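A.B. asks: Residue numbering for the sequence shown follows numbering that gives the first Met the number 0, starting at 0 and increasing by one per position. Where a beta carbon is used, it is the ideal one built from N, C-alpha and C, also for glycine. Bear in mind the structure is a predicted one, so any value in this text is a computation, not a measurement.
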Amino acid sequence: MIDIKLLRENPELVKENMKKKFQEHKLVLVDEVLELDQKKREATLKGDELRSSRNSLSSEIGNLMKQGQKEEAEKIKAKVQEINQSLVENEALEEDLANQIKERMMKIPNIIHESVPIGKDDSENVEIEKFGEPVVPNYEIPYHTDIMESFNGIDLDSARRVAGNGFYYLMGDIARLHSAVISYARDFMIDKGFTYCVPPFMIRSNVVTGVMSFEEMDAMMYKIEGEDLYLIGTSEHSMIGKFKEQLLQKSELPYSMTSYSPCFRKEKGAHGIEERGVYRIHQFEKQEMIVVCEPEDSWEWYDKLWSYTVELFRSMDIPVRTLECCSGDLADLKAKSCDVEAWSPRQQKYFEVGSCSNLTDAQARRLGIRIKGEKGNYYAHTLNNTVVAPPRMLIAFLENHYQEDGSITIPEVLWPYMGGTKVLVPKKKG
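Right, here's the structure in full:
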């Protein structure tokens, strides 16, 4: 949510930002907010005047009673009662106007950073840099579930019977590899100075609406029937929610945290759920990182965060690239975002394995996360980034470490997490 002062003082800038995000249908919100804001300020002024009149009359009542002018005092008491009734009505109006303003402000996108490329959708995202040399071996690399099945490592049929499409059983060496990557990612981030956390896997609706737009909420979140609880789509939601309505001390900033959680997503929309693969699914596990910091530090943190994901993947010998998200591909709360994509030697192209975002103060405003300053309190900046999200990450890992004989080599950084295993040997031939 942007600062309403910005909208008051520069509504054309807010409208231009909407146009850059190809959200012309939202332009009317700016004018509606301005109109409602004017009415609310008029109501606030009226309320101040009513309270001032009431205070004056209340003082007059006391004086009249002292002078024995009870009849005159009763007349003024009646006027005070009328003012009190007017105040009740005026306060109800103020609250209604405030709610209408908030409802519209929550739909207005954050101001994007000046460096964000302008484009309608993810097809217009811009490659920034490649890390590692993409390799295409001279032998065929099977589809990722075929590789997993050669190790008796996945059972999609049983998962469909138990839960439906979009779920899976990982087993044996593949399940161990999955856990090894998560554990390695956890320790990798701890070594970077991040505090490890296992957060709640459910959050209340006032946290959901604080961390994401209504459109994202509808497309992603599973609601617990009969309760004000939602399953998290990423641990970033409950991690940022941890600071809701908090007044943070400057001396304790920044908060840099890395979290493990299962994640649950409807994946509602054009992409749909894969029946055969595990690239887009309803349930997965993830290691995440978040930062809550001073506004002037957030862009330095942004560059640190995505670079950590690149470093992690390169340490496992997986080529990656970074991709700048264009304006039309940015969620409403994001000021700037980049994707980390891993190389797929089977498809001979890159695919997304993580996303890094700076939300400036948009989330903090919605959640009331402020910093106690010497000259007044102000909103913090929040950032988030994927460390690693298997089983999607397993696709990149298996393809890049697949050998001609069907075995999978394990990079040295994972040996301690795999009990010293350096090569996985298939249980059956394809």
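1. Checking 8 Å against the spacing of the C-beta atoms, do Gly209 and Gly232 come in under that value?
2. Use the C-beta contact count for Gln84: other C-beta atoms within 10 angstroms, 16 or more gives buried, fewer gives exposed.
3. For Lys371, count the other beta carbons within 10 Å of its own beta carbon; 16 or more makes it buried, fewer makes it exposed. Which is it?
4. Please report the straight-line C-alpha distance between Val125 and Gly327, rounded to a whole angstrom.
5. Let's see if you can read the secondary structure: which residues bound the beta strand (DSSP E) around Val291?
6. Any idea if Arg103 is buried or exposed, counting beta-carbon neighbours within 10 angstroms, 16 or more meaning buried?
7. Taking Thr257 as part of the beta strand (DSSP E), name the residues at either end of that continuous run.
8. Taking the alpha-carbon positions, what's the Tyr138 to Glu403 distance?
9. Skipping 5 residues on each side, what residues in its chain have a beta carbon closer than 8 Å to that of Leu293?
10. Could you tell me which whole alpha helix (DSSP H) segments of length 4 or greater appear in the region 34-120?
11. Is the number of C-beta pairs between the region 166-181 and the region 386-402 that are closer than 8 Å three or more?
12. For the candidate residues Gly165, Met288, Lys74, Arg203, whose alpha-carbon lies nearest to that of Gly192?
13. Do Val13 and Lys335 have their CB atoms nearer than 8 Å?
14. Specify, as a first and last residue, the run of the alpha helix (DSSP H) that Val13 falls within.
15. For Gln99 and Glu23, what's the separation of their Cα atoms in angstroms?
16. Below 8 Å, how does it come out for the region 72-82 and the region 33-48: are there three or more Cβ pairs, yes or no?
17. Report all residues from its chain with a CB closer than 7 Å to the CB of Trp305; omit the five preceding and five following residues, and keep chain order.
18. Less than 8 Å between the C-beta atoms of Ser212 and Ala363, yes or no?
19. Let me make sure I understand the geometry here. Which of Leu358, Met256, Val422, Lys19 has the alpha-carbon closest to that of Gly118?
20. Applying the 10 Å Cβ sphere with the 16-neighbour rule, what's the burial state of Asn89?
21. Near Gly276, which residues of its chain fall below 8 Å by C-beta distance, leaving aside the five closest residues on each side in sequence?
22. Should Ser297 and Asn376 be called a contact, given that it needs their Cβ atoms to be closer than 8 Å?
23. How long is the line joining the alpha carbons of Val290 and Val422, rounded to whole angstroms?
24. Beta-carbon within less than 6 Å of Ser204's beta-carbon, same chain only, minus the 5 sequence neighbours each way: which residues are those?
25. On a CA-only basis, which of Pro133, Leu169, Val134, Gln282 is nearest Phe150? Give me that one, please.
26. Since Trp342 is in the beta strand (DSSP E), which residue starts that stretch and which ends it?
27. Where does Arg40 land, buried or exposed, given buried means 16+ other C-beta within 10 angstroms?
28. Alpha carbons only, please: which of Lys38, His236, Glu398 is nearest the one belonging to Gln347?
29. Applying the 10 Å Cβ sphere with the 16-neighbour rule, what's the burial state of Leu246?
C.D. replies: Let's see:
1. Against a cut-off of 8 Å, the Cβ pair of Gly232 and Gly209 comes out as no contact.
2. Burial check for Gln84: the Cβ neighbour count within 10 Å stays below 16, so the residue is exposed.
3. That one is exposed.
4. 12 Å
5. 282-292
6. buried
7. 254-263
8. Taking the straight line from one Cα to the other gives about 6 Å.
9. With the sequence shown as reference, residue 293 is identified as Glu, and Leu is not the correct amino acid for it. Counting only Cβ-Cβ distances below 8 Å, and skipping sequence neighbours, we find Lys249, Leu252, Pro253, Ile370, Ala379, His380.
10. 69-104
11. Yes, the region 166-181 touches the region 386-402.
12. Met288
13. Against a cut-off of 8 Å, the Cβ pair of Lys335 and Val13 comes out as no contact.
14. 10-19
15. 20 Å
16. no
17. Thr321, Cys337, Val339, Cys355, Asn384
18. In this structure, Ala363 does not lie closer than 8 Å to Ser212 by Cβ.
19. Lys19
20. buried
21. Tyr142, His143, Thr144, Ile394
22. no
23. Each residue's Cα considered, the two are about 36 Å apart.
24. Asp227
25. Leu169
26. 335-343
27. Flag for Arg40 reads exposed.
28. The shortest Cα separation from Gln347 among Lys38, His236, Glu398 belongs to Glu398.
29. In summary, Leu246 is exposed, with fewer than 16 beta-carbon neighbours lying within 10 Å of its beta-carbon over all protein chains present.
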